[in-house]
Amino acid sequence: MFVQVTKCKHGSVTYFTCLVRESFRTPKGPRSRTICNVTALPPETRELISQSLQGRSFVAAESLQLSEAWNFGGLMVLHQAWEEFG
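Residues 29 to 114 in this note's numbering are what the sequence shown lists, from first letter to last.
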């Protein structure tokens with residue numbers, strides 16, 4: 029997938045359209061289809077989408093760690109008992 033920017037000019041006004049597109053092959057040759065239109069998004073967001081589709085990661089997975097987790101096992105047992113026995 030990639031972000032395609034197209035330009036359309038009507039008189040003295042130029043319009044830009046930014047589309048997320050997907051390339052695929054058919055027996056008749058390569059084709060592409062539009063996944064979504066991101067024109068209305070801010071330019072910074074469109075750039076983030078484009079870079080993400082190119083494979084850039086913004087947060088290293090190794091730097092993420094779990095600082096605190098809740099245990100819902102006991103609560104689930106109580107909930108099931110409540111549902112079963114009323």
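Note that beta-carbon positions come from the ideal geometry of N, C-alpha and C, so glycine has one too.
These numbers were taken from a predicted model, which means no experiment stands behind them.
In chain order, Met29, Val48, Arg49 and Glu50 place their CB closer than 7 Å to the CB of isoleucine 63, counting only its own chain and leaving out the 5 sequence neighbours on each side. Scanning Gly102, Thr67 and Ser78 for the CA closest to the CA of threonine 45 turns up Thr67. For the pair leucine 81 and valine 31, the CB atoms are nearer than the 8 Å cut-off.
Non-local C-beta neighbours of serine 60 in its own chain, meaning closer than 6 Å and more than five positions away in sequence, comprise Arg49 and Ser51, ordered along the chain. Under the three-state reduction of DSSP, glutamine 82 is assigned to coil, being neither helix nor strand.
Annotation for leucine 103: no beta strand (DSSP E) segment contains it, though the alpha helix (DSSP H) segment containing it runs 101–113.
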